[in-house]
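Below is one structure, written out as C-alpha cells; comments come after it.
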Amino acid sequence: MKIFCSKCSSLAAVVMAYDYTERRVWLDDMDSEFVSVHGYPMCDKHASRLTPPVSWTLTDRRNLVRPLFPEAIQPTRQAV
Ligand SMILES: [Zn+2]
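Just so you know, we're using the numbering used here here: the sequence shown kicks off at 5 and counts up by one.
The structure is reproduced here in C-alpha cells:
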C-alpha cells in the first residue's frame with residue numbers, strides 16, 4: 005500500500021507524530037517500529053523542512069541510510 009505525504013502528492017517516507025502536553029514532535033521512518041497510528045505521513049522534503057513551534061522539542065529518529073528501493077518496504081504501524 006502506498007502512502008502519500010499529507011502536504012503534497014509525493015510518496016511518504018516519514019511519519020511525524022507529536023505529544024501536545026509534552027510539547028514534543030518527532031520524525032520516524034515509515035517502516036520504523038515506533039510509528040504511531042496517529043502520525044502524519046510526510047515526504048522527505050517536507051519532513052526536512054519541519055520546524056517545531058517555539059519551546060517544542062523536535063526529535064529526528066530517521067535512519068540516515070535510505071534503502072535502494074524504498075517502494076519495496078511495507079510500512080508497519082504500531083501504537084507508541
Ligand atoms: Zn510532501
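All C-beta atoms, glycine included, are put in the ideal place defined by N, C-alpha and C.
Helix, strand or coil: how does DSSP classify A51 here? helix
I'd like to confirm something about H50: is its beta-carbon nearer than 8 angstroms to some heavy atom of ligand 2, or not? Among the ligands in the structure shown, ligand 2 does not appear; only ligand 1 can be found there.
At which residues does the beta strand (DSSP E) containing D35 begin and terminate? D35 -> no beta strand (DSSP E), and no H or E assigned at all.
Mind reading off the beta-carbon distance from R65 to L31? Whole number of angstroms is fine, and I expect it under 8 angstroms. 6 angstroms
If you draw a straight line from the alpha carbon of D35 to that of M46, how long is it in whole angstroms? 13 angstroms
Please name the residue, chosen from R53, M20, W60, that lies closest to Y44 on a Cα-to-Cα basis. M20
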